[in-house]
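Down below is the structure, laid out as structure tokens.
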Amino acid sequence: ALIPLALLVSAALVGLIVWLTRRLLTPRRALAAAIRRREFHVLYQPIMEIATGLCVGAEALLRWRRDDGTDVPPDVFIPLAEEYHLIEPLTDMMIGCVVADLADMLRRDHDVHVAINISAADMQSGRFLPVLTEALAAAGVAPRQVWLEATERGFIDAALARQTLERARAQGHLVAIDDFGTGYSSLSQLATLPLDGLKIDKSFVDAIGRDAATSVVVPHVIEIGHGLNLLIIAEGVETLAQEAYLRAAGVGFAQGWLYAKALTASEFLAFQETTNGQRVSPFLASLA
Ligand code: C2E
Ligand code: MG
Ligand code: MG
Ligand code: MG
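Position in the sequence shown counted from 1, then plus 238, gives you full-length UniProt numbering.
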């Protein structure tokens with residue numbers, strides 16, 4: 239009679255341990271703990287000027303490396319952070335990392351530009367710009383070194399988004415709409431938004447020369463950008479054929495594995511120095 243009892247007790251114990259582990263390691267707790275433990279780092283993917291082949295800046299891309307060494311992509315953890323109301327600490331930490339990296343890079347190279355993504359939740363809370371502005375001021379970094387990328391999902395509260403973008407531009411940030419064409423904002427609304435640039439989503443770039451149905455849209459996306467007098471940046475450029483298409487279509491800037499993957503801050507700085515040498519981008523010169 240003792241053996242079944244011992245089995246019962248151990249089964250109950252195992253059950254308790256499994257239940258406790260599940261409770262403690264819910265995705266929300268795991269993410270909150272990761273933010274506290276700063277298990278994140280930022281990588282920088284170069285942005286190229288197509289006409290000159292010069293590097294003009296980089297997009298800051300957040301990475302979550304878990305204890306076990308696995309990387310969780312931002313497409314997974316940013317929606318999670320939004321859902322669990324953890325986007326504020328996550329964004330604050332990201333801004334802190336980027337501004338520290340940028341200040342450090344600017345000590346080594348006089349002209350570095352970094353594009354930061356504003357999540358939809360950041361846009362709606364209205365907190366993003368004040369937090370960034372304060373961090374830049376504290377680090378002594380000029381706002382013009384920072385570009386901002388906002389997605390259409392962030393424009394649900396159109397008045398707030400407009401106010402944030404107008405303030406950002408007034409402070410000297412360049413502002414681009416990200417993943418253009420994948421959201422649901424109306425073109426008439428887009429036309430009146432205070433924007434400097436438009437990023438063509440990777441799905442459109444992928445379609446060039448491949449997917450007939452999607453590629454029909456690409457010249458129109460580019461035409462909209464030109465019509466609205468926006469800088470155009472293509473993302474996810476992987477082949478010379480795609481670059482040739484974009485160059486012929488008058489797209490000014492490109493980003494993708496054809497040039498570089500996302501790099502650490504030091505790797506990015508080395509990439510920019512090697513690529514540019516003493517040459518200065520006419521675009522960057524026009525900003526100064
Ligand atoms: P996105 O802004 O559209 O970023 C571009 C994504 O495309 C990046 O993925 C980049 O690594 C990837 N990519 C770039 N070139 C190529 C290429 O040639 N081939 C392929 N296959 N992929 C390429 P990543 O880093 O996984 O980022 C995914 C999205 O997560 C980004 O999309 C961005 O919206 C968001 N994200 C990343 N970091 C942050 C952040 O710090 N804050 C916020 N709010 N969002 C972020
Ligand atoms: Mg982006
Ligand atoms: Mg995209
Ligand atoms: Mg993008």
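No residue lacks a Cβ here, since even glycine has one placed at the ideal position from N, Cα and C. A quick note: this is a predicted structure, and the numbers were derived from the prediction, not measured.
{"Asked": "May I ask which residues mark the beginning and end of the beta strand (DSSP E) holding Q383?", "Found": "That residue, Q383, is in no beta strand (DSSP E); it is neither H nor E in DSSP."}
{"Asked": "Closer than 8 Å is the cut-off here; do at least three beta carbon pairs connect the region 345 to 362 with the region 502 to 512?", "Found": "yes"}
{"Asked": "For ligand 2, list every residue whose C-beta falls under 6 Å from any of its heavy atoms, going in chain order.", "Found": "E297, N355, E387, D416"}
{"Asked": "Between which two residues does the beta strand (DSSP E) containing I470 stretch?", "Found": "469 to 473"}
{"Asked": "Have a look at P432, A250, L431, I438 and flag the residue whose alpha-carbon is nearest the alpha-carbon of T420.", "Found": "I438"}
{"Asked": "Output the distance between the C-alpha atoms of A341 and D444, rounded to the nearest integer angstrom.", "Found": "35 Å"}
{"Asked": "Between the region 450 to 460 and the region 424 to 431, can you find at least three pairs of beta-carbon atoms closer than 8 Å?", "Found": "no"}
{"Asked": "Is any non-hydrogen atom of ligand 1 found closer than 7 Å to the C-beta of Q493, if you look at the structure I gave you?", "Found": "yes"}
{"Asked": "Decide if Q480 is buried, meaning its Cβ has at least 16 other Cβ atoms within 10 Å, or exposed.", "Found": "buried"}
{"Asked": "Would you please state the rounded distance, in angstroms, between the beta carbons of A487 and I460? I believe it to be under 8 Å.", "Found": "5 Å"}
{"Asked": "What is the rounded straight-line gap between the Cα of A244 and the Cα of V256?", "Found": "18 Å"}
{"Asked": "Which class does residue 565 belong to by DSSP, given the choice of helix, strand or coil?", "Found": "A query on residue 565 cannot be resolved here, the shown segment of the chain reaching from 239 to 526 and no further."}
{"Asked": "Looking at D439 and ligand 3, is the gap between the Cβ and the nearest heavy atom below 7 Å?", "Found": "yes"}
{"Asked": "Curious, which full-length beta strand (DSSP E) runs of at least 3 residues does the region 379 to 440 contain?", "Found": "384 to 389, 412 to 418, 435 to 438"}
{"Asked": "Ligand 3 and E473: does the residue's C-beta get closer than 7 Å to at least one heavy atom of that ligand?", "Found": "yes"}
{"Asked": "Can you look up H464 in the DSSP assignment and give me helix, strand or coil?", "Found": "helix"}
{"Asked": "Between the alpha carbons of H411 and D305, how many angstroms are there, rounded?", "Found": "36 Å"}
{"Asked": "Pair every Cβ in the region 270 to 278 with every Cβ in the region 303 to 322, then say whether three or more of these pairs are closer than 8 Å.", "Found": "yes"}
{"Asked": "Can N355 and E321 be called in contact, C-beta distance under 8 Å?", "Found": "no"}
{"Asked": "Is any heavy atom in ligand 1 found nearer than 7 Å to the beta carbon of Q283?", "Found": "yes"}
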